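K.L.:
Please see the structure below; I have some questions.
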Amino acid sequence: MSISDLFWEAPLEDLKKGYKEDGQEFVCLLCGNTIEKGIIYPENNVLYEAEKYMILHIGREHGSVFQYLVGLNKKLTGLTDHQNRLLRLFYEGKSDVEIKQEMEVGSTSTIRNHRFVLKEKERQAKMLLTMMELLKEKDQHAPPMITPHQTATMIDERYNVTKEEKEKMVKKYFIDGTMALKTFPSKQKQKLIVIREISSLFAAEKTYTEKEVNEILKTVYHDYVTLRRYMIAYGFLDRKADGSAYWLKK
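Numbered per this note's numbering, the sequence shown finishes at 250, counting up by one with no gaps.
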């Protein structure tokens, strides 16, 4: 199961922690990093058991689960830029007076109104979540859909693809048993599926030079420049402004 599938299918309690227990390991839902159980991990002259070390990993690599989630694309969070900024300030423990001054708004009643709107969104989200959970028990005809990756730069009809359709696209565009493309699709939905598959060739914790990225993509398709461009545009790869370093977004 991909990290995106683990993330979207995780229960709320696991999402709040940022990791899940999976057999003999703990899996970070934010980046896919795994910590094996039964091992003691040293860090700065302190010894950590596996779960504590996973908590340390989340703090070191992601700041906090809240910081990671609030940093996701607004298409995923459903928040406006203004609401996003307010949530960050609330999380920092700022008072309404401090927030009023920092955001240069007229009065604290404006901040209270924003709190009310956010609480209303919370109530609506709980109702929808409950109804969708109940629906799963009754709706036997809903096909399993692919899940958006957390670093997606867009959430639109391109993700309206069932897992069965995805497998057919993979068979259509990739040479059997390989990651080599027969051809690069012209339709955006199919491009997304192809680029999504290609992203699995990159390691989550590694930084690549542009030459290394190109060498990997050349094994997939002769037009590696196009593949690289779409991997960045769709939010799978990130890079430094000067192109000196590339990495898998997480």
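Ideal placement from N, C-alpha and C gives every residue a C-beta, glycine not left out. Since this is a predicted model, take the numbers as computed values, not measurements.
Based on DSSP bridge pairs, tell me the residues matched to Ile35.
P.N.:
Ile35 pairs with Phe26.
K.L.:
For Thr130, which residues does DSSP report across the bridge?
P.N.:
Partner(s): none; Thr130 has no beta bridge.
K.L.:
Leaving out the 5 sequence neighbours to the left and right, which residues in its chain are closer than 8 Å to Lys218 when beta-carbon positions are compared?
P.N.:
Correct list, in chain order: Tyr224.
K.L.:
Which residues in the same chain have their Cβ closer than 6 Å to the Cβ of Ile40, if we skip the five residues on either side of it in sequence?
P.N.:
The answer, listed in chain order, is Leu47.
K.L.:
Can you round the beta-carbon distance between Gln188 and Arg158 to whole angstroms, since I take them to be within the 8 Å contact cut?
P.N.:
Sure, about 5 Å apart at Cβ, within 8 Å.
K.L.:
Just tell me which of Lys74, Lys191, Thr153 and Lys20 has its CA closest to the CA of Val161.
P.N.:
Measuring from the Cα of Val161, the nearest candidate turns out to be Lys191.
K.L.:
Tell me, to the nearest whole angstrom, how far the beta carbon of Lys74 is from that of Met154; I am working on the premise that it is less than 8 Å.
P.N.:
Wrong, their Cβ atoms sit about 11 Å apart, outside the cutoff.
K.L.:
Measure the beta-carbon distance from Tyr53 to His62 and round it to whole angstroms, keeping in mind my assumption that it falls under 8 Å.
P.N.:
Wrong, their Cβ atoms sit about 14 Å apart, outside the cutoff.
K.L.:
For Tyr234, name the three-state secondary structure that DSSP assigns.
P.N.:
Of the three classes helix, strand and coil, the one that applies to Tyr234 here is coil, per DSSP.
K.L.:
For a minimum of 4 consecutive residues, which ranges assigned as the alpha helix (DSSP H) are wholly contained in the stretch 59-141?
P.N.:
Counting only runs of 4 or more, we get 65-70, 74-77, 81-91, 96-103 and 108-138.
K.L.:
Between which two residues does the alpha helix (DSSP H) containing Glu215 stretch?
P.N.:
Unbroken alpha helix (DSSP H) run through Glu215: Glu210 to Lys218.
K.L.:
Mark Thr209 as exposed unless 16 or more other C-beta atoms lie within 10 angstroms of its C-beta, in which case mark it buried.
P.N.:
Label assigned to Thr209: exposed.
K.L.:
Keeping to the same chain, check which residues put their C-beta closer than 6 Å to that of Leu237; ignore five residues upstream and five downstream.
P.N.:
Cβ within range, chain order: Met231 and Tyr246.
K.L.:
Thinking C-beta only, is Tyr19 closer than 8 Å to Leu29?
P.N.:
Yes; because the gap between Cβ atoms is below 8 Å, this pair is in contact.
K.L.:
Under the three-state reduction of DSSP, which class applies to Leu166: helix, strand or coil?
P.N.:
In the sequence as displayed, the identity of residue 166 is Lys instead of Leu. Residue state, collapsed to three classes: helix.
K.L.:
With a threshold of 16 other CB atoms inside 10 Å of the CB of Val27, please say whether the residue is buried or exposed.
P.N.:
Buried, because 16 or more other Cβ atoms sit within 10 Å of the Cβ of Val27.
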